[in-house]
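*Asks:* To convert, take the position in the sequence shown, counting from 1, and add 31; that gives this note's numbering.
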Amino acid sequence: MRPLEIANADYDKLAKTLRRVDFFQPLSLDQLAKAIPYILLFGYDDGERVFKQGEDGDAFFIVLDGKVEVRVSKFPLGLFAKTVATLGSGGFFGEMALFSKEKRSATVRAIGPTRLFVLLKKEFTKFLAENPGFKEKVEQTVGRRGFQNK
Numbered sequence: 032m033r034p035l036e037i038a039n040a041d042y043d044k045l046a047k048t049l050r051r052v053d054f055f056q057p058l059s060l061d062q063l064a065k066a067i068p069y070i071l072l073f074g075y076d077d078g079e080r081v082f083k084q085g086e087d088g089d090a091f092f093i094v095l096d097g098k099v100e101v102r103v104s105k106f107p108l109g110l111f112a113k114t115v116a117t118l119g120s121g122g123f124f125g126e127m128a129l130f131s132k133e134k135r136s137a138t139v140r141a142i143g144p145t146r147l148f149v150l151l152k153k154e155f156t157k158f159l160a161e162n163p164g165f166k167e168k169v170e171q172t173v174g175r176r177g178f179q180n181k
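#1: Taking the beta carbon of residue 111 as the centre, do at least 16 other beta carbons fall within 10 Å, making it buried, or is it exposed?
#2: Which of helix, strand or coil does DSSP assign to residue 52?
#3: Just tell me which of 172, 146, 161, 162 has its CA closest to the CA of residue 92.
#4: Residue range of the alpha helix (DSSP H) that residue 160 falls in?
#5: Within its chain, find whatever has a CB closer than 7 Å to the CB of residue 65; leave out the 5 residues flanking it on each side and keep chain order.
#6: Out of 158, 144, 168, 172, which has the shortest C-alpha to C-alpha gap to residue 79?
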């Protein structure tokens, strides 16, 4: 994993994808624009692990380009893991980490060179504190989905 600079063209893809994430949908374009500076961009090499099943969740991810494989195992040490999804550009995962303290429910690896937008939980929390109107909308959306702040 290596930090990357976000190009102007990448911001457009980011904004379009954020509009598909349910807790960002109720936001105006101005509110959405305020969230973008809190988001980072990282590059991953082929086979590089983004996170491992059972780890603490601390970030939400959006695929800018490339692909990731999502694998789940019912056994310790990730034995006999099964691929449950492959996500490409515009796909997102890990959003529950922003709202709960639950462990990661899957292992995610890059398939080929992949760039991911990353919103860290601590940055999301900071953004919510600085934008009370957004916080209220997020809490309403999260409440409708039945997430619990654990």
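Quick reminder that beta carbons are idealized off the backbone N, C-alpha and C, glycines included.
*Replies:* Considering the structure as presented:
#1: In the sequence shown, counting from the first residue as 1, residue 111 sits at position 80. Burial call: exposed.
#2: For the purposes of this step, residue 52 is taken as residue 21 along the sequence shown, with counting starting at 1. Looking at residue 52 - three-state DSSP - the assignment turns out to be coil, as it is neither helix nor strand.
#3: Working through the sequence shown from its first residue, we reach residue 92 at position 61. Here the closest residue by C-alpha is 146.
#4: Here the question's residue 160 lines up with position 129 in the sequence shown. Residues 152 to 161.
#5: Here residue 65 refers to the residue found at position 34 when the sequence shown is read from its first residue. Contacts found: 162.
#6: Numbered from its first residue, the sequence shown carries residue 79 at position 48. Checking every option, the nearest Cα to that of residue 79 belongs to 144.
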